[in-house]
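Protein chains in written order, with full-length UniProt numbering: chain A, 1 to 391; chain B, 1 to 180. I have placed the structure first, in the form of structure tokens, so that the comments after it can refer back to it.
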Ligand SMILES: [Zn+2]
Ligand SMILES: [Zn+2]
């Protein structure tokens, strides 16, 4: 089959690789009809996330048709011919984390748990196409994928919906939604979202669906801010204005009630000297993050507010504003999304028209053009927000 | 060499105990064990793969057992690598799970065998035992050892860190298996 693979730092390549096979009894093989490029794929390609290997198949947002199931998958759960969206965390459904619906912290699905333990203290779930730190599972930017624990994760799509309407249930829609849900939104809340990329856009839409009075979008790309504004959110361009002053102005001096960091380690903005400091530290690998968005969210949030972090952080950071966090009674909440928990309810919201995931798609390319897609997405060319690949 | 490791498994102590007490199950999750053959009610014959082409073998006997709580064993006769072990099964505070506490003591001999064995255990014997217990947890909670494309051989992927590329296996690779 054809698959998009990691070919070294800043290089991806579509190659011929063997077709996937059933390795565990609860596996299914899915013929992929749509897959997407995610912002966090860029961290892998950049080399910020360690443990990538030449030939690793990329991609963790995908959907398709089940063409084979293992002997351990009950027929009432999944059958050949079913149309499914596959969540990015691989979860066993049986461990204590899964029992608590903390699917991205599954204790059984990372066959390389030892290394994750060293990096994170405890291991996390296996993730498709997401380095050997999360298990070394082949990804879904391919014609076919092996899906372990197929009786736990994949969501059957029976309604008459397009791939584009449901594909993002695999990651970015639940991720954005969880970012808003962790904010415990009240009707009077002003919610500020750092990052108007795909996850940020969905966090904004979710905050509105959950009842926020006002949603603010913070970014520097005019086309991303326009996209947020068209969806009814208030744009703030950090290249043009001082973010903290603008946020105070928009909130009567209080600061946003709830702040969502939908940027993570790729944040590039901020005061020049702090940015340079971060870049140098990151370049020498003594710090794995450039956490400017997180610092700014903490400093801007109103006292007693919530800072919700859904941007991806991989390792350690310094200059964490612990003083603001502690002295102003802030609540910090975070998590890699527990996708399985949200897929069904969000499918309902899509069916009822409360959320329209298709609004962020700017590009659709054949799988063979994945490398070009990564380039366009990474360099924000051609007003690129989200790319869907068709194998 | 003294090793201890612990894990929590979401199954009742009686079930975890029963699985372990059938010693023939141990090689399904312990990377260095090839086979355990029970030879009597409390006696067994153990085989571990060795790096120099010759298996290490020994007889063992259960020295102490309290059903549902504890099993202790030791090697007997002329073992290449004399060893003792204890596993305790302790109900976890959640009322559902079992804490498994394992302790192993290996008497690593001198000479060529000793050197090979020491090398075989590698630089991180604790890591290996932790990984063994993680696979025990997988087997009891999910039914089998979880395989990924980077570590397709389950427990036989003895060294976890250096995995193969995360892409599907060719038929030839599948055929050749872990020792390829
Ligand atoms: Zn993603
Ligand atoms: Zn689990």
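Backbone N, C-alpha and C define an ideal beta-carbon position, used for all residues, glycine too.
TODO: Taking residue 170 of chain A as the query, report the chain B residues whose CB atoms sit under 7 Å from its CB, ordered along the chain.
DONE: As a working note, residue 170 of chain A is residue 170 in the first chain. Within 7 Å Cβ-Cβ: nothing; residue 170 of chain A doesn't reach chain B, min ~18 Å.
Task: Terminal residues of the beta strand (DSSP E) in which residue 112 of chain A lies - done: For the purposes of this step, residue 112 of chain A is identified with residue 112 of the first chain, where counting begins at 1. In the DSSP annotation of this structure, residue 112 of chain A is not part of any beta strand (DSSP E), being labelled neither H nor E.
- [ ] Classify residue 2 of chain B as helix, strand or coil using the three-state DSSP reduction.
- [x] For the purposes of this step, residue 2 of chain B is identified with residue 2 of the second chain, where counting begins at 1. Residue 2 of chain B falls in the strand class under three-state DSSP.
TODO: State the Cα-Cα distance for the pair residue 45 of chain A and residue 130 of chain A, rounded to the nearest angstrom.
DONE: As a position in the first chain, residue 45 of chain A is number 45, starting the count at 1. As a position in the first chain, residue 130 of chain A is number 130, starting the count at 1. If you take the alpha carbons of residue 45 of chain A and residue 130 of chain A, they lie about 10 Å apart.
TODO: Spatial neighbours of residue 235 of chain A within its chain, please: CB distance less than 7 Å, with the 5 preceding and 5 following residues excluded, ordered by chain position.
DONE: Numbered from its first residue, the first chain carries residue 235 of chain A at position 235. Excluding its 5 nearest sequence neighbours in each direction, residue 235 of chain A has C-beta neighbours in its own chain below 7 Å: 217, 225, 228, 229, listed in chain order.
Open item on the list: For residue 137 of chain A, would you say it is in contact with chain B, using Cβ-to-Cβ distances shorter than 8 Å as the test?
Closed with: As a position in the first chain, residue 137 of chain A is number 137, starting the count at 1. Under the 8 Å criterion on CB atoms, residue 137 of chain A is classed as interfacial with respect to chain B.
- [ ] Grab me the residues of residue 330 of chain A's own chain with a C-beta within less than 8 Å of its C-beta, minus the 5 sequence neighbours each way, in chain order.
- [x] Counted from its first residue, the first chain places residue 330 of chain A at position 330. Once the five neighbours on either side are set aside, the close Cβ partners of residue 330 of chain A are 298, 301, 303, 304, 305, 306, 307, 324.
Task: residue 241 of chain A, enclosing alpha helix (DSSP H) - first and last residue - done: Indexing the first chain from 1 puts residue 241 of chain A at position 241. Careful: residue 241 of chain A lies outside any alpha helix (DSSP H) and carries neither H nor E.
Open item on the list: For a test of the three-state rule: what should DSSP assign to residue 374 of chain A, helix, strand or coil?
Closed with: Within the first chain, the letter at position 374 stands for residue 374 of chain A. In the structure shown, the three-state DSSP call for residue 374 of chain A is helix.
TODO: Report yes or no: is there a C-beta of chain A within less than 8 Å of the C-beta of residue 166 of chain B?
DONE: By 1-based counting over the second chain, the position of residue 166 of chain B is 166. The C-beta of residue 166 of chain B comes closer than 8 Å to at least one C-beta of chain A.
- [ ] Give the secondary structure of residue 162 of chain A by DSSP, where H, G and I count as helix, E and B as strand, and everything else as coil.
- [x] Residue numbering aside, residue 162 of chain A sits at position 162 when the first chain is read from its first letter. In the structure shown, the three-state DSSP call for residue 162 of chain A is coil.
Open item on the list: Please identify, using Cβ separations under 7 Å, the residues of the region 12-43 of chain A that lie next to chain B, in order along the chain.
Closed with: Cβ contacts with chain B come from 17, 18, 19, 20, 21, 23, 24, 25.
- [ ] Verify the CB distance criterion: does residue 112 of chain A have a CB-CB separation below 8 Å to chain B?
- [x] Numbered from its first residue, the first chain carries residue 112 of chain A at position 112. Yes, its Cβ sits closer than 8 Å to a Cβ of chain B.
Open item on the list: Counting only C-beta atoms, is residue 56 of chain A closer than 8 Å to chain B at any point?
Closed with: The sequence position of residue 56 of chain A within the first chain is 56, counting from 1. The beta carbon of residue 56 of chain A sits closer than 8 Å to some beta carbon of chain B.
Task: Runs of beta strand (DSSP E) lying entirely within the region 149-221 of chain A, each at least 3 residues, in chain order - done: Every unbroken stretch of the beta strand (DSSP E) spanning 3 or more residues and falling wholly within the region 149-221 of chain A is given here in chain order: 190-194, 214-219.
Task: residue 130 of chain B (DSSP reduced to helix, strand or coil) - done: In the second chain, the residue the question calls residue 130 of chain B occupies position 130. Three-state DSSP puts residue 130 of chain B in a helix.
Open item on the list: Buried or exposed for residue 55 of chain B, going by 16 or more other Cβ atoms inside 10 Å?
Closed with: To locate residue 55 of chain B, count along the second chain from 1; it is residue 55. By the neighbour-count rule (16 or more Cβ atoms within 10 Å), residue 55 of chain B is not buried but exposed.
Task: Within chain A, partners of residue 33 of chain B - CB distance below 9 Å - done: The residue you call residue 33 of chain B lines up with position 33 of the second chain. Here the premise fails: no neighbours, minimum Cβ distance about 18 Å.
Open item on the list: With H, G and I counted as helix, E and B as strand and the rest as coil, what does DSSP make of residue 120 of chain A?
Closed with: Taking the first chain and counting its residues from 1, the one referred to as residue 120 of chain A is at position 120. Here residue 120 of chain A carries a helix assignment [DSSP, helix/strand/coil].
- [ ] State the Cα-Cα distance for the pair residue 145 of chain A and residue 157 of chain A, rounded to the nearest angstrom.
- [x] Residue 145 of chain A sits at position 145 when you count from the first residue of the first chain. Residue 157 of chain A sits at position 157 when you count from the first residue of the first chain. Each residue's alpha carbon lies about 18 Å from the other.
- [ ] Could you check the C-alpha separation between residue 56 of chain A and residue 40 of chain B for me, to the nearest Å?
- [x] Looking up residue 56 of chain A in the first chain gives position 56. Looking up residue 40 of chain B in the second chain gives position 40. Taking the straight line joining both Cα atoms gives about 48 Å.
Task: Assigned secondary structure, residue 92 of chain B (DSSP; H/G/I helix, E/B strand, else coil) - done: Along the second chain, one-based indexing puts residue 92 of chain B at 92. The answer is coil: DSSP assigns residue 92 of chain B none of H, G, I, E or B.
- [ ] Identify, in the order they occur along the chain, each residue of the same chain with its Cβ nearer than 8 Å to the Cβ of residue 21 of chain A, setting aside the five sequence neighbours on each side.
- [x] Residue mapping note: residue 21 of chain A aligns to position 21 of the first chain, counting from 1. The answer, listed in chain order, is 29, 146.
Task: Proximal residues to residue 372 of chain A (C-beta, below 8 Å), its chain only, five neighbours per side dropped - done: Here the question's residue 372 of chain A lines up with position 372 in the first chain. So the list reads 365, once near-sequence residues are dropped.
Open item on the list: Please report the straight-line C-alpha distance between residue 133 of chain A and residue 121 of chain A, rounded to a whole angstrom.
Closed with: Position 133 of the first chain, counted from the start, is the residue given in the question as residue 133 of chain A. Position 121 of the first chain, counted from the start, is the residue given in the question as residue 121 of chain A. Their Cα atoms are separated by approximately 13 Å.
Task: Under 8 Å by beta carbon: chain B residues contacting residue 53 of chain A - done: Stepping through the first chain from its first residue, residue 53 of chain A is reached at position 53. What residue 53 of chain A touches in chain B: 150, 163, 164, 165, 166.
- [ ] Answer yes or no: do residue 142 of chain B and residue 337 of chain A have a C-beta to C-beta separation smaller than 8 Å?
- [x] If you number the second chain from 1, residue 142 of chain B lands on position 142. If you number the first chain from 1, residue 337 of chain A lands on position 337. In this structure, residue 337 of chain A does not lie closer than 8 Å to residue 142 of chain B by Cβ.
TODO: Could you work out which residue in A/360, A/326, A/17, A/167 is closest to residue 339 of chain A when comparing CA atoms only?
DONE: Indexing the first chain from 1 puts residue 339 of chain A at position 339. Residue 339 of chain A has its Cα closest to that of A/167, out of A/360, A/326, A/17, A/167.
Open item on the list: Distance cutoff 8 Å, beta carbons only. Does residue 146 of chain A sit that close to anything in chain B?
Closed with: Taking the first residue of the first chain as position 1, residue 146 of chain A is located at position 146. Yes, residue 146 of chain A lies at the interface with chain B (some Cβ there is under 8 Å from its Cβ).
Open item on the list: Would residue 74 of chain A and residue 27 of chain A qualify as a contact pair, given that the criterion is a beta-carbon distance under 8 Å?
Closed with: Residue mapping note: residue 74 of chain A aligns to position 74 of the first chain, counting from 1. Residue mapping note: residue 27 of chain A aligns to position 27 of the first chain, counting from 1. Result no, Cβ atoms of residue 74 of chain A and residue 27 of chain A do not sit closer than 8 Å.
Open item on the list: With H, G and I counted as helix, E and B as strand and the rest as coil, what does DSSP make of residue 358 of chain A?
Closed with: Here the question's residue 358 of chain A lines up with position 358 in the first chain. If DSSP states are grouped into helix, strand and coil, residue 358 of chain A belongs with the helices.
Open item on the list: My output table needs one value for residue 223 of chain A: the three-state DSSP class, helix, strand or coil.
Closed with: In the first chain, residue 223 of chain A corresponds to position 223, counting from 1. Collapsing the DSSP output to three states places residue 223 of chain A in a helix.
Task: Touch test, the region 70-82 of chain B against the region 372-383 of chain A, Cβ-Cβ under 8 Å, three pairs minimum - done: Counting C-beta pairs closer than 8 Å gives fewer than three between the region 70-82 of chain B and the region 372-383 of chain A, which falls short of the contact rule.
Open item on the list: Please determine whether the Cβ atom of residue 172 of chain A lies at a distance below 7 Å from any heavy atom of ligand 3.
Closed with: By its list of ligands, the structure shown excludes ligand 3, since it contains just ligand 1 and ligand 2.
Open item on the list: Between which two residues does the beta strand (DSSP E) holding residue 64 of chain A run?
Closed with: Here the question's residue 64 of chain A lines up with position 64 in the first chain. Residues 62-69.
Task: Enclosing beta strand (DSSP E) for residue 79 of chain B [first to last residue] - done: As a position in the second chain, residue 79 of chain B is number 79, starting the count at 1. For residue 79 of chain B, no beta strand (DSSP E) segment is defined, and its DSSP state is neither H nor E.
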